[in-house]
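*Asks:* The sequence shown runs 1 to 390 under the UniProt record's numbering.
All residues carry an ideal CB built from backbone N, CA and C; glycine is no exception.
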Amino acid sequence: MSSITASFPPPPPPGLNYIDAIRPSLNFILALTPLGAVLVPLIITLFVFSSPQSRRHPVFILNVLACCSGIVEAATNAALETKQILYPLEPVSKSLLTTVIAFSIVSPLFIDSILLFRILAFYPIGITPTSTLVAIFSFPILVKCGRFVVVVMYLNSFAKGSGNLPNVLLAATSTWPRNPYIMAEWSMQMADNTYASAFFLYKIWEFRRTREDVPVIRSKSLLSYLRSLFLIALGNFVFPIIMNIASIVLIARDPSFINGSYILLTNNYVAIIGVVFATIWTRKQNWNNEERSSNRDHRRRKMVVHNESRHAYGPTINATSVLSTLRFGADGSEQETEASGFSPSSDTESGRGGKMGMHLTRDAEEKGMATGNAPSETLTGFEKEHKQTV
């Protein structure tokens, strides 16, 4: 501990501060403030693309809590670094310093749990066999339990040792190089994130593939889906894994905590934005599907109304149209066609038209019987004679 303290210059006179002491704190403020501010419109977007029913789901609640944790993390870091710049001679609050470290370490564990709930949506507990649930969720649950134990052990050791130092730089430097708890937590985080992200992407691919009517690779909808799936993979898997590897390399080889802290804090916000983006994308896809389905139903109803209007008859009685609504069988009995939509008893005019058509038919049948012709032939002659008069 004494060697770490001796490596830093003595504090400047009151009212002054070294540029080297200000630079790390100022960089943290400039980096974390916009990252925390980005989460505010993300929360608004979550509510825009959600329904009252979806807001009760655990995934939606966890997404909102993840965004809130990122905002609180940025605010506490800004408060700590601002105090370090303005009051360099005053000792740092132990509770504030422990809170900043806790948010930086606990947030990834909480964010990665959201992907576990996404996998659980594909396997409902009520209908999925217990053996299947154990086979799928045993590994991520065990890894998360191990991560939680390691985080608690690290915070306990930090509160007893580095948290008592009067300076933020001293506390961070003392807990950084080759810390076994942090290295173990990041290694388990990489394995946990790899399993959850790969399984989630596979289930989305399988679910969407079974719902595609014609899986043509040149389809615009399929290409858009693949592009969105690629972006989800980048936000939930590729970037966090790369940053985890970079953090492990830096904590093992670089004695300075500054570069590793930049990557650690940026990784937290990339993870938050990734899981929120996955939620917004899936909700947007469902919203687009519902909109397309409603548009198809609306067009189908318009086509039905248009077809019905084409076959509808006006109140003016036309003898030709009346005859076209009657169909004669082999025995000469009239039958009303179902496709015409004509009803002789629908109103007064239509009733008179139906009676007129039936009287005309009976007269034609009587004439046909008197001359020995078939009823259908007599009717055909009557229709021709009527068409000529019309």
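Could you give the residue range of the alpha helix (DSSP H) that holds residue 97?
*Replies:* Residues 94-122.
*Asks:* Please report the distance separating the alpha-carbon of residue 89 from that of residue 110.
*Replies:* Cα-Cα distance, rounded: 35 Å.
*Asks:* CB-CB under 7 Å to residue 77, same chain, minus the five flanking residues each way: which ones, in chain order?
*Replies:* Within the same chain, residue 77 has close Cβ partners 28, 32 and 100.
*Asks:* For residue 143, which of 169, 124, 160 and 116 has the nearest alpha-carbon?
*Replies:* Of the listed residues, the one whose Cα sits closest to residue 143 is 116.
*Asks:* CA-CA distance, residue 63 and residue 125?
*Replies:* Near 21 Å, if we compare the C-alpha coordinates of residue 125 and residue 63.
*Asks:* Here's the rule: buried if 16 or more other CB atoms are within 10 angstroms of the residue's CB, otherwise exposed. What is residue 138?
*Replies:* Per the 10 Å Cβ criterion, exposed.
*Asks:* Assess, as a yes-or-no matter, whether the region 182-194 is touched by the region 144-154 under the definition of 3 or more beta carbon pairs within less than 8 Å.
*Replies:* Judged by Cβ distances under 8 Å, the region 144-154 makes contact with the region 182-194, as three or more pairs qualify.
*Asks:* Expressed to the nearest angstrom, what Euclidean distance is found between the alpha-carbon atoms of residue 93 and residue 47?
*Replies:* About 37 Å.
*Asks:* In whole angstroms, what is the alpha-carbon distance linking residue 128 and residue 58?
*Replies:* Those two C-alpha atoms are separated by around 19 Å.
*Asks:* Here's a check: name, in chain order, each residue in its chain whose Cβ is nearer than 8 Å to the Cβ of residue 70, leaving out the five neighbours to either side.
*Replies:* These residues qualify, in order along the chain: 35, 36, 39, 107, 268, 269 and 272.
*Asks:* In whole angstroms, what is the alpha-carbon distance linking residue 278 and residue 201?
*Replies:* One C-alpha to the other measures close to 10 Å.
*Asks:* Anyone know if the C-beta pair for residue 257 and residue 177 falls short of 9 Å?
*Replies:* Yes. Within cutoff.
*Asks:* What do you reckon, are the CB atoms on residue 168 and residue 80 nearer than 9 Å?
*Replies:* Cβ distance < 9 Å, so residue 168 and residue 80 count as in contact.
*Asks:* What is the DSSP secondary structure of residue 161, reduced to helix, strand or coil?
*Replies:* Note: residue 161 maps to coil in three-state DSSP.
*Asks:* By DSSP, does residue 192 sit in helix, in strand, or in coil?
*Replies:* Residue 192: helix per DSSP, three-state reduction.
*Asks:* What is the DSSP secondary structure of residue 34, counted as helix, strand or coil?
*Replies:* DSSP places residue 34 in helix when its eight states are reduced to three.
*Asks:* Pick helix, strand or coil for residue 239, following the three-state DSSP scheme.
*Replies:* It is helical.
*Asks:* Quick check on the burial criterion: 16 or more other C-beta atoms within 10 angstroms. Buried or exposed for residue 55?
*Replies:* Residue 55 comes out exposed.
*Asks:* Between 236, 255 and 266, which has its C-alpha nearest residue 113's C-alpha?
*Replies:* Out of 236, 255 and 266, 236 has the C-alpha closest to the C-alpha of residue 113.
*Asks:* Would you tell me roughly how many angstroms separate the C-alpha atoms of residue 50 and residue 195, rounded to the nearest one?
*Replies:* Each residue's alpha carbon lies about 27 Å from the other.
*Asks:* Where does residue 30 land, buried or exposed, given buried means 16+ other C-beta within 10 angstroms?
*Replies:* Under this definition residue 30 is an exposed residue.
*Asks:* Note down, in chain order, each residue of its chain lying with its Cβ closer than 7 Å to the Cβ of residue 25, except the 5 sequence neighbours on either side.
*Replies:* Hits under 7 Å: 81, 84 and 85.
*Asks:* Which residues in the same chain have their Cβ closer than 6 Å to the Cβ of residue 160, if we skip the five residues on either side of it in sequence?
*Replies:* Answer for residue 160: no residue qualifies.
*Asks:* With a threshold of 6 Å on Cβ separation, who are the neighbours of residue 122 within its own chain once the five nearest residues in sequence on each side are excluded?
*Replies:* For residue 122, where only same-chain residues beyond five positions count, the Cβ hits under 6 Å are 203.
*Asks:* Use the C-beta contact count for residue 68: other C-beta atoms within 10 angstroms, 16 or more gives buried, fewer gives exposed.
*Replies:* With fewer than 16 other Cβ atoms within 10 Å, it is exposed.
*Asks:* If residue 66 and residue 275 are in contact, beta carbons under 8 Å, what's the gap, nearest whole angstrom?
*Replies:* Indeed, because the Cβ distance is near 6 Å, the residues count as touching under 8 Å.
*Asks:* Between the alpha carbons of residue 120 and residue 155, how many angstroms are there, rounded?
*Replies:* For residue 120 and residue 155, the distance between alpha carbons rounds to 30 Å.
*Asks:* Go through its chain and collect everything with a Cβ distance to residue 184's Cβ below 7 Å, but skip five positions before and after it.
*Replies:* Answer for residue 184: 150, listed in chain order.
*Asks:* Please name the residue in 164, 239 and 158 whose C-alpha comes closest to that of residue 197.
*Replies:* Minimum Cα distance to residue 197 is reached at 239.
*Asks:* Along the chain, where does the alpha helix (DSSP H) that runs through residue 58 open and close?
*Replies:* Where residue 58 is concerned, the enclosing alpha helix (DSSP H) stretches over 58-86.
*Asks:* Which residues mark the beginning and the end of the alpha helix (DSSP H) in which residue 54 is found?
*Replies:* It is not in any alpha helix (DSSP H) - residue 54 carries neither H nor E in the DSSP assignment.
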